[in-house]
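Data block below; observations after.
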Amino acid sequence: MKGRSSQLATSCTAKLFVWFRFWSSSQ
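Numbering (our numbering), first residue to last: 443 to 469.
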């Protein structure tokens, strides 16, 4: 369970990072 939770957190962080990069380039 802990491993899965960690993987999910990593996935969310990666998505947030990509979204932030996209938003920054759009500015």
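Think of the CB as a built atom: it goes at the ideal place given N, C-alpha and C, for glycine as much as any other residue.
Distance, Cα to Cα, residue i vs residue j?
| i | j | result |
| --- | --- | --- |
| Gln469 | Arg463 | 10 Å |
| Leu458 | Ser466 | 12 Å |
| Val460 | Cys454 | 10 Å |
By Cβ distance below 7 Å, which residues in the same chain neighbour residue i in space, the five residues on each side in sequence not counted?
| i | result |
| --- | --- |
| Lys444 | none |
| Ser448 | none |
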